[in-house]
Amino acid sequence: MVDLKRFAASPILIGGGDRGDQDAKLVKLLFVVPYAPNLIRVRPYQLIRHLVARGHQVTLLTLWSEPREQGELAVFQGYGLELHAFRLLPGRSMWNCIWALPTRLPLQSVYCWQPAMARQAVELIDGRDGRPAYDAIHVEHLRGARYGIHLKAHLQRSQVRVPIIWDSVDSISHLFNQAAEQSQGSWRRWIARFELHRTQRYEGWLARQFARVLVTSPVDRQAFLSLVPLGESSPAISVLPNGVDLEYFRPASQEQREPTTLVLSGKMSYHANISMATYLVSEIMPLVWAQRPDVRLVIAGKDPPTSLKELASNPAVTVTGALADIRPCLQQAALALAPLTYGAGISNKILEAMACATPVIATTRAISGLKARPGEDLLIADTSVDFAGAVLDLLADPQYRCQIGLAGRRYVETHHRWDDVACQLEEIYQSALDILP
């Protein structure tokens, strides 16, 4: 276990200086994440960073599975928080899933269960003289929800009232419902079908166990509400969108753009991204190459499976694998593509491309969680013919490309600043605290 006690570095204010933040109540918060927050798992990373910067006292309880992830946790040393990090070995996750097979629990819900971390969580929340050690507990993802249930049971036995906020991020059952029909590979579809009904039951139950439930998009909120049995009151589910780091992801000059390069980015081990990349190369790009054989496609992202690596046998396709810095790919590309056929939540890669003023072409599914204006902030195309046509139109019109790219940047500046998201989260914490007796 890594235990870095109360680093003394003072947090730096990140934005928000014009909204009277001094009136907001500061919260002592236990933040439980079932994986190491980093620039890939950007939501908890940025929320923690901005909450600390806004003056809240945060204890991070998390897991790491690779030495690289353990090293990445060192970034929190400068944030003035208390960090407890435990290793999750692959054998532990495998055993958890085997244990869950004959039960009704989704495998996702037990995958990250680490008994030592659960014990540490209980030790952390035990206060003195009957007073709670924390004002609120924030638990992330379906893989972390079991820790929230564990802590809730302990608090009830101790007769201590502390609100637990569960950030589901996405509705995983909504994702499985799509993957069961559309995922690439019969074994992925089989797993999705196996998990679907378990996850629907479990998410429907979980939504009623916590003071607040968070999701990234209205689509995911509706998916959760549909799981609540008839006759039962609706749980308190709030939409908390993802943000994008507007200082880190910035536009490059037009001279740096490669006018015939397209980019598709994301975590390439994710089944929805595998399906998206396969669809792009097999159905869309042949239509583009028929008219523009000079166009090059870059598939950028960590852990591509063999099926995606094999796409690079086409000399017009590059599959990068893990990159230390994704920004050059986004800043140099003429277009960023997201022909997502199924998915949930908000695509961080779309937000990052827009922040770089790289014009985005996406499917309706890919932007279901965004307020972006089709035809103005980005382009939408839902068939392979329409998608290829949009690519060819933008490649042929540099001025239109620039116009869409700049509009995309303005959109994320208005709707997806992390400090604004942190402000919304503060209000959610406060609403949960206000209902306590």
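The number in the working numbering is simply the position in the sequence shown, starting from 1, with 308 added.
Heads up, the beta-carbon is just placed ideally off N, CA and C, and yes, glycines get one too.
Give the straight-line distance between the Cα atoms of residue 494 and residue 406, rounded to the nearest whole angstrom. Computed Cα separation, rounded: 21 Å.
Could you say if the region 551-564 and the region 588-597 meet the contact criterion of at least three C-beta pairs nearer than 8 Å? no
Please report the residue range of the alpha helix (DSSP H) in which residue 392 lies. No alpha helix (DSSP H) contains residue 392, which is instead part of the beta strand (DSSP E) from 390-395.
My assumption, with CB atoms under 8 Å, is that residue 641 sits in contact with residue 614. Please give the rounded CB distance. Not a contact, Cβ separation roughly 25 Å.
When DSSP labels each residue in this structure, what does residue 749 get in the three-state scheme? Absent from the structure is residue 749, since the part of the chain shown begins at 309 and ends at 745.
Residue 599 versus 699, 581, 340 and 572, residue with shortest Cα-Cα distance: Taking the Cα of residue 599 as reference, the smallest distance to any Cα among 699, 581, 340 and 572 is reached at 699.
Leaving out five residues before and five after residue 644 in sequence, what residues of the same chain have Cβ atoms less than 6 Å from its Cβ? The residues are 571, 661, 666 and 668.
Can you tell me where the beta strand (DSSP E) holding residue 446 begins and where it ends? Run containing residue 446: 444-448, per the beta strand (DSSP E) assignment.
Using CA atoms only, rank isn't needed, just tell me which of 434, 478, 477 and 486 is closest to residue 464. 434
Buried or exposed, going by whether 16 or more other CB atoms sit within 10 Å of the CB of residue 427? exposed
Taking the alpha carbon of residue 649 as the point to measure from, which residue in 675, 536 and 506 has its own alpha carbon closest? 675
Whole alpha helix (DSSP H) elements within the region 646-682, 4-residue minimum: Whole alpha helix (DSSP H) segments, 4+ residues: 656-663.
When the Cα atoms are used, what is the spatial distance from residue 425 to residue 369? 8 Å
Looking at the structure shown, is residue 347 part of a helix, part of a strand, or coil, going by DSSP? DSSP places residue 347 in coil when its eight states are reduced to three.
Which residues mark the beginning and the end of the alpha helix (DSSP H) in which residue 481 is found? 480-490
Tell me the DSSP secondary structure of residue 749 in three-state form. As displayed, the chain neither begins before 309 nor continues past 745, which places residue 749 out of reach and without an answer.
Would you mind giving the Cβ-Cβ distance between residue 492 and residue 607, rounded to the nearest angstrom? I have them listed as a contact below 8 Å. Not quite, the Cβ-Cβ distance comes to about 14 Å (not below 8 Å), so this is no contact.
Just reading off the alpha helix (DSSP H) that residue 734 is part of, what are its end residues? 726-742
Within its chain, find whatever has a CB closer than 6 Å to the CB of residue 384; leave out the 5 residues flanking it on each side and keep chain order. Spatial neighbours of residue 384 in its own chain (CB-CB distance under 6 Å, excluding positions within 5 residues in sequence) are listed in chain order as 391.
Kindly indicate the opening and closing residues of the alpha helix (DSSP H) around residue 511. 494-514
What do you get for residue 658, buried or exposed, if any count of 16 or more other CB atoms within 10 angstroms of its CB means buried? Buried, because 16 or more other Cβ atoms sit within 10 Å of the Cβ of residue 658.
Pull up the distance between the alpha-carbon of residue 448 and that of residue 689, whole angstroms please. 33 Å
Tell me which residue opens and which closes the beta strand (DSSP E) that residue 339 is part of. 336-341
Per the DSSP calculation, residue 566 is bridged to which residue(s)? 641
Sort 451, 550, 710 and 651 by Cα distance to residue 413 and report the nearest one. 451
Does DSSP classify residue 426 as helix, strand or coil? helix
Local Cβ density within 10 Å of residue 743, reported as buried at 16 or more and exposed below that: exposed
In the structure shown, what three-state DSSP assignment does residue 451 receive? coil
By how many angstroms is the C-alpha of residue 340 removed from the C-alpha of residue 715? 36 Å
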